[in-house]
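Single-structure report; data block below.
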Amino acid sequence: QAEFPYHWDADDFVSRRELLNLTVMASGALFVATAGIVALSYLRPATQVRQQAIVDASQLAPGDVHYFQYPTADDQAILLHLPDGRFAAYSGKCTHLSCAVYYDKGSEKLLCPCHEGAFDPRTGGPISGPPQRSLPSIKIRQDGSILYAVEETP
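Here my numbering is used: the first residue of the sequence shown is 92, the next is one more, and so on.
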């Protein structure tokens, strides 16, 4: 029978008690680090909400459209009062080449006159023409009869 070729020196030997102590200390350190990370997440500033009044909803009948500037005075946006009573708002720039989009009541579509692109007013998604991406939607909140464009930033 061959002898095991490795010899333990007293300095290299780790007893079960030392291993258990090391494991408990490492687990405690991991717990404290995790608790610290969770505590720091509560200290972050709360989500900031920026809102801009758009229009009094009572002024818009189903099928009506309202153009407004959002998020800056240089950015055209479009608000639709859909036939089902909901409101939808989108960027007023076509996702193809940034031409101005308008709502055509006859076809009930958002149209881009530059390259004959069309978008679904309920979803903002492309229906026909060159645009491949949906119009960026704008979150709408209603407080009483006033409609607001809302942007949340962390």
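Glycine residues also receive a C-beta, built at the ideal position from the N, C-alpha and C atoms. Note that the structure is predicted; figures quoted are calculated from it, not measured.
- One Cα belongs to residue 169, the other to residue 151, and the distance between them is close to 13 Å.
- Residue 210 is classed as buried because its beta carbon has at least 16 other beta carbons within 10 Å across all chains shown.
- Here residue 180 carries a strand assignment [DSSP, helix/strand/coil].
- Inter-residue distance for residue 227 and residue 182 is about 5 Å (C-alpha atoms, whole angstroms).
- Listed in chain order, the non-local C-beta contacts of residue 220 below 8 Å within the same chain comprise 187, 203, 206, 207, 208, 209, local neighbours out to five positions each way being set aside.
- Judged by DSSP secondary structure, residue 109 falls within the alpha helix (DSSP H) whose first and last residues are 107-134.
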